[in-house]
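Participant: Provided herewith is a single structure, encoded as structure tokens, for subsequent inquiry.
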Amino acid sequence: MTQTRNMLLNVGPSHPAMHGVIRMIMELDGEKIKDVDIEIGYLHRAFEKMCETVMYTQCFPYTDRLNYVSPLINNVGFALAVEKLLGIETPERSKYIRVIMSEISRVTDHLTCVGASAMELGAMSVFLYMIKAREFLWELVEEITGARLTISYVRIGGVKADLTPGFADKAFEKIAEVRKVLIEADELLTRNRIFFDRMKNIGKITQEDAIAYGVTGPFLRATGVAYDVRKSNPYLIYDKLDFEVPVGTTGDNLDRYFVRMEEMEQSLRIIEQCFQQIPDGPIAADLTGVVIPAAEMVDQAKMGQTADLIEDEVSLDPTLQGSTRKYYNSINANKKDVVLPAKENTYGNIEGLMNHFKLVMYGHGIKPPVGEVYLPVEGANGELGFYIVSDGRDHPWRVRVHPPCFPIMAALPKCLIGDMMADLVPTFGSVNMIAGELDR
Amino acid sequence: MTPLQRIQEQFPTQIIETHAFRGDETVIIRPEALLTIAKFLKETPELDFNFLMDLTAVDYLFYAGGRIQKEFRFEVVYHFLSLKHNHRIRIKIPVDEKKPEVDTLCTIWPSANWYEREVWDMYGLRFKGHPNLKRILMYEEFQGHALRKDYPVNKRQPLIGPQN
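Quick note, the sequences are listed as chains A and B, same order. Numbered according to this note's numbering, the first sequence spans residues 718 to 1157. Numbered according to this note's numbering, the second sequence spans residues 1498 to 1661.
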């Protein structure tokens, strides 16, 4: 008599489909997946521990590296959480800027996810087109923040720099390009037999399971639950914007693909609306008065010749903090114990210099009151929450990130069990697992 | 009636403290009442907390915030969300250092499974009745629990390469 046994198969961590950071131990019966054990933690960098050792402002570079495909959303989430702890509001214009940057990031994130999972199914050209579109958007990000990935753009109480002159026109141009790519990708994928058959009815998860596992974001919406933090707990100015929350019906890979494609369109709509609504800041730089180069101002200040500097504006690169005083007040909260003063004040008068030092010196810094807050924002993969405990000192007592990928990865066995081994690739691709936020 | 008031009304003796700092409703409850209150949160129609959004712990060793020493070293923090009513609540339970044990919520919300493994990994709190309580982010051979306040930030214990 012959005996059959299930086969154990190890996938990853150094397997191209696992992106090098996930290990799955599968029990296979023929090609059917019977059981799967997921091992995470290969990219653990102690984000939460590191945040406890640095000042609040110094946490921002770490948040860039959580979800490294949409770092701006992490920045915004952390800043909002600290602002909630401090109880401050930021100026209207900075809220619009934050929304614009978050939505650009959401599109780049979805483009990466859809493009990469199409590539893993053999549609290489879609991947290239989508990365091209992502490049357009990253050019926009680069123009404002000065960096492409490790942007550290958002500040507690505002943002680092205002939008550059003519940015809206450039953005509209790029949005048109991105729309073209989306149509192209839709034509290449949606009615593509291979893509359709590999996605339809694969990697299904029921609504009950998704809720029970705490899954959020496109993954949950594909099962038919219209839960979006931007709608349910509107933060920033999302309540003033008109956008829809796309939902799926079956919760399979194809639905997740459709939800992501539609969300990109909605995000582009949001960006367009923001440019129409954004309150006038001094963006069309009306630099009357004396403008001197930054280096010259520093030199004069070093020699103690600050008396003449009080009325002067400094000419700085637009991506640098406080590029002229006039820009400054419309993008940063007027709160001296939180927000760094404009560079003109730092260089030009003793009060500004003291203020600057009080915020950057070790042992001083931003000191929120004793307390704890949890603030969720809608990340590209779902609810991204920051839970911060403050003991009243200049660095956080505890920073906890609720990473959207984490519950999705916990629920992944529900999607995989019963499918074929080869279906692992599209299902795992549709999770858009970002190890940076999963392992922290 | 807010969820906080509803819980206060139902379990007046099980509650140690409540607050709503910056609008986040928080209830600190006695550890032995966790399962009862958790079931109540999930099954009461007007509360209907069907999401366990987040579960984590905080180590209050050497904590001096507000000049109040905490009675117990750890706190386990739960964040719940109700999709239907769109409200949230935070439940906290104090945990003694000498008996670091908490009841598991895996049977009520499966999402607790991985979160509790993470808390075990990072803080060394055991969850009674957990089906698979092993480390999740660190490797099995790792000594100690990294997010405890008495674990030095610069301590190294790699599997290969130079030790401390």
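Where a beta carbon is used, it is the ideal one built from N, C-alpha and C, also for glycine. These figures come from a predicted structure and were not determined experimentally.
Using 8 Å as the cut-off, can you tell me whether the region 1106-1115 of chain A makes contact with the region 1044-1058 of chain A, which would need three or more C-beta pairs spanning the two stretches below that distance?
Facilitator: no
Participant: A/Ala1127 to A/Ile1009, Cα distance in whole Å?
Facilitator: 56 Å
Participant: Under 8 Å, CB to CB, which of the residues in the region 1573-1588 of chain B have a partner in chain A?
Facilitator: Val1574, His1576, Leu1580, Asn1583, Arg1585 and Arg1587
Participant: Can you tell me where the beta strand (DSSP E) with A/Gly1102 in it begins and where it stops?
Facilitator: Gly1099 to Ser1107
Participant: Where A/Glu748 and A/Thr867 are concerned, what is the direct C-alpha to C-alpha distance, given to the nearest angstrom?
Facilitator: 41 Å
Participant: Measure from the C-beta of A/Glu1100 to each C-beta in chain B and report whether the shortest distance is under 8 Å.
Facilitator: So, interface residue.
Participant: Listed from N- to C-terminal order along the chain, which residues in the region 1606-1630 of chain B have their beta-carbon within a distance smaller than 7 Å of any beta-carbon of chain A?
Facilitator: Trp1606, Pro1607, Ser1608, Asn1610 and Trp1611
Participant: Output yes if chain B places a C-beta closer than 8 Å to the C-beta of A/Thr966; else output no.
Facilitator: no
Participant: In the region 933-953 of chain A, which residues sit with their C-beta less than 9 Å from some C-beta in chain B, listed in chain order?
Facilitator: Thr933, Val942, Tyr944, Ser949 and Asn950
Participant: Consult DSSP for B/Phe1548 and reduce its assignment to one of helix, strand or coil.
Facilitator: strand
Participant: Restricting to Cα atoms, I'd like to know which of A/Val799, A/Gln775 and A/Val843 is closest to A/Leu899.
Facilitator: Taking the Cα of A/Leu899 as reference, the smallest distance to any Cα among A/Val799, A/Gln775 and A/Val843 is reached at A/Val843.
Participant: Can you pull the chain B residues whose beta carbon is under 7 Å from the beta carbon of A/Ala763, in chain order?
Facilitator: Ala1643
Participant: List the whole-angstrom C-beta distance separating B/Ile1590 from B/Pro1528, where the pair is believed to meet the contact cut-off of C-beta under 8 Å.
Facilitator: In this structure, B/Ile1590 and B/Pro1528 form a Cβ contact; the two beta carbons are roughly 5 Å apart against a cut-off of 8 Å.
Participant: Tell me, please, whether the CB atom of A/Asp1111 is closer than 8 Å to any CB atom in chain B?
Facilitator: no
Participant: Near A/Arg973, which residues of its chain fall below 6 Å by C-beta distance, leaving aside the five closest residues on each side in sequence?
Facilitator: Only Pro935, Ala939 and Ser1147 meet the Cβ criterion.
Participant: Could you check what DSSP says for B/Tyr1620 in three-state terms: helix, strand or coil?
Facilitator: helix
Participant: Quick one: which residues of the region 790-807 of chain A get their C-beta closer than 9 Å to a C-beta of chain B? List them in chain order.
Facilitator: Lys801, Leu802 and Gly804
Participant: Which stretch, first to last residue, makes up the alpha helix (DSSP H) that contains A/Phe975?
Facilitator: Asn970 to Gln994
Participant: Provide the residue(s) that pair with A/Asn727 in DSSP beta bridges, ordered along the chain.
Facilitator: Its beta-bridge partners are A/Ile742.
Participant: Taking all protein chains shown into account, decide if B/Val1650 is buried (16 or more other Cβ within 10 angstroms of its Cβ) or exposed.
Facilitator: exposed
Participant: Closest to A/Lys1131 by CA distance: which of B/Asp1647, B/Ser1608 and B/Gly1641 is it?
Facilitator: B/Ser1608
Participant: Checking 8 Å against the spacing of the C-beta atoms, do A/Ser949 and B/Asn1583 come in under that value?
Facilitator: yes
Participant: Quick one: any contact between the region 941-959 of chain A and the region 988-999 of chain A, if contact means 3 or more CB pairs under 8 Å?
Facilitator: yes
Participant: B/Arg1587 and B/Thr1523 look like a contact to me (Cβ under 8 Å); what is the Cβ gap, rounded to whole Å?
Facilitator: 4 Å
Participant: For A/Val738, tell me which candidate among B/Phe1546, B/Ala1643 and B/Leu1634 has the shortest Cα-Cα distance.
Facilitator: B/Leu1634
Participant: A/Tyr1044 to A/Ala885, Cα distance in whole Å?
Facilitator: For A/Tyr1044 and A/Ala885, the distance between alpha carbons rounds to 16 Å.
Participant: Using C-beta distances below 7 Å, list every residue in its chain close to A/His827, excluding the 5 sequence neighbours before and after it, in chain order.
Facilitator: Arg977, Glu980, Met981 and Ala1097
Participant: Please identify, using Cβ separations under 9 Å, the residues of the region 764-776 of chain A that lie next to chain B, in order along the chain.
Facilitator: Glu765, Lys766, Met767, Glu769 and Thr770
Participant: Which class does A/Val1090 belong to by DSSP, given the choice of helix, strand or coil?
Facilitator: strand
Participant: Compare the beta carbon distance of B/Arg1653 and B/Asp1556 with 8 Å and say whether it is the shorter of the two.
Facilitator: no
Participant: So A/Ile919 and A/Gly968 are in contact, right, with Cβ under 8 Å, and what is the actual spacing, rounded?
Facilitator: 11 Å between Cβ atoms; not a contact.
Participant: Whose C-alpha, out of A/His1112, A/Asn1051 and A/Ser1032, is nearest the C-alpha of A/Gly1226?
Facilitator: As displayed, chain A neither begins before 718 nor continues past 1157, which places residue 1226 of chain A out of reach and without an answer.
Participant: When DSSP labels each residue in this structure, what does A/Val962 get in the three-state scheme?
Facilitator: In the structure shown, A/Val962 adopts coil according to DSSP, grouped into three states.
Participant: Whose Cβ in chain A lies nearer than 9 Å to the Cβ of B/Val1650?
Facilitator: Ala763, Lys766, Met767, Glu769 and Thr770
Participant: Contact criterion: CB-CB distance below 8 Å. Does B/Ala1535 meet it with respect to chain A?
Facilitator: no
Participant: Report all residues from its chain with a CB closer than 7 Å to the CB of B/Trp1611; omit the five preceding and five following residues, and keep chain order.
Facilitator: Ile1633
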